[in-house]
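Residue numbers (the working numbering): 1 to 374.
By construction, the Cβ of each residue, glycine as well, lies at the ideal position given by its N, Cα and C atoms.
None of the values given here were measured: they were computed from a predicted structure.
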């Protein structure tokens, strides 16, 4: 794991001095004070019909959680300098009231939405800081750029019904979690069923967003598993598509890749990787692993049998697709409910939002302010 992955978010700021911008962010004085109420998970019960491991027999739906043995990497404490830079980015992001609607000079703007504020979590700000090597100005610019990209790309258009045709053959599957609790996103090019189009790229964005929905407390990265077995040359992405994909992954999903496991790589694909490798940033490049035993990275009971695990998985679109989207919808709904309960703050803690029994940002601020009283 790279150093940048280790720079994470162990402790909340204790000085309670988060600046309330003109976006209506809750101040410590007006923040909710019921710690017990805020710390109670609002997550809906997991669908009892969902399987949890290979022990459940033939698997046709996603697993809702990692194994109890999964161990997310312990986040490192921020240095004083890193904490100062984080607070600078938080102060700036908290004051944003508008977002550009297009990625062009002098583009029109419109008010920042609640969903956009919710996206600006503490961990999100830190991911962009790590990706920019703790350059405050660059991190702020890239955050604003991603907010605009998400508007231009129109993520709300990417509904399950719109994307469904792309996944009818199961060419992308979210199934299981690795040894660190990362959701596993399988890319299976041999199951390609559509011609090259913008929707193919939108399909990947949709599945990345669903993998993010399924990340539990303490985890904000995914495991990518690419199996080229039985892939024909015409089923692979073009160089142009690869460049476009790498561009939005590196620019708009920084620090989201925990590991990428690529297996059964044919000779022609090796040449393809040599062409695109210079386009991949060094931190991402070192997370790529080729033709390794996947059981070193993913527990066999959460790994497809087709790639060396014990999970007897058969893709059935009528079963898998609604189950995946129902589970993701439940997670997003609970996440948003907790954000509202916490005071709708920019810089909210993702562990709190994901249902861990920890205080929200506003409660931390209230407690810090109380401790300052004589």
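At the C-beta level, residue 306 and residue 54 stay beyond 8 Å of one another. Bridge pairing for residue 124: absent [DSSP]. Of all alpha-carbon atoms in 71, 373, 50 and 370, the one lying nearest the alpha-carbon of residue 219 is that of 71. Closest in C-alpha terms to residue 252, from the list 347, 60 and 132, comes 132. Boundaries of the beta strand (DSSP E) around residue 186: 183-187. If only uninterrupted beta strand (DSSP E) runs of at least 3 residues are considered, those enclosed by the region 276-346 are 288-290. When the Cα atoms are used, residue 187 and residue 123 turn out to be separated by approximately 26 Å. Remark: fewer than three beta-carbon pairs, one from each stretch, lie closer than 8 Å, so the region 306-316 and the region 66-82 are not flagged as touching. With distances taken between CA atoms, residue 319 lies nearest to 61 out of 52, 61 and 57.
In this structure residue 203 is not in contact with residue 152, their Cβ atoms being roughly 18 Å apart against a cut-off of 8 Å. Residue 303 is classed as buried because its beta carbon has at least 16 other beta carbons within 10 Å across all chains shown.
The region 287-299 makes contact with the region 176-196: 3 or more CB pairs, one atom from each, lie closer than 8 Å. For residue 163, the enclosing alpha helix (DSSP H) covers residues 160-163.
For residue 112, no pairing in a beta bridge is given by DSSP.
Around the CB of residue 193, fewer than 16 other CB atoms lie within 10 Å, so the residue is classed as exposed.
As DSSP reads the structure, residue 99 sits in a beta bridge with 110.
At the C-beta level, residue 256 and residue 289 stay beyond 8 Å of one another. For the 8 Å CB-CB criterion, residue 276 and residue 227 do not form a contact. Excluding residues up to 5 positions away in sequence, nothing lies with its Cβ nearer than 7 Å to the Cβ of residue 370 in the same chain. The beta carbon of residue 358 sits closer than 6 Å to those of 351 and 352, all from its chain and outside the five residues before and after it, given in chain order. For residue 227, the three-state secondary structure derived from DSSP is strand. Relative to the Cα of residue 284, the nearest Cα in the group 221, 157 and 321 belongs to 221.
DSSP places residue 192 outside any beta strand (DSSP E), giving it a letter other than H or E. Taken atom to atom, the span from the alpha-carbon of residue 69 to that of residue 105 is near 50 Å. Within 10 angstroms of the beta-carbon of residue 213 lie 16 or more other beta-carbons, which makes it buried. For residue 159, the closest of 349, 199, 144 and 172 by C-alpha to C-alpha distance is 199.
In the DSSP secondary-structure assignment, residue 172 is bridged to 187. One alpha carbon belongs to residue 51, the other to residue 336, and they sit about 25 Å apart.
Taking C-beta atoms as the reference points, residue 216 and residue 354 count as a pair closer than 8 Å. As the crow flies, the alpha-carbon of residue 116 is around 23 Å from that of residue 245. In the DSSP secondary-structure assignment, residue 259 is bridged to 223. Between the region 129-146 and the region 85-102 there are three or more C-beta pairs closer than 8 Å, enough to call the two in contact. Assigned with DSSP and collapsed to three states, residue 352 falls in helix. DSSP places residue 253 in the coil class of the three-state scheme, outside both helix and strand.
Within the same chain, Cβ atoms closer than 8 Å to the Cβ of residue 168 are found at 193 and 317, the five residues on either side in sequence being excluded. Annotation: residue 360 is outside any alpha helix (DSSP H) and is labelled neither H nor E by DSSP.
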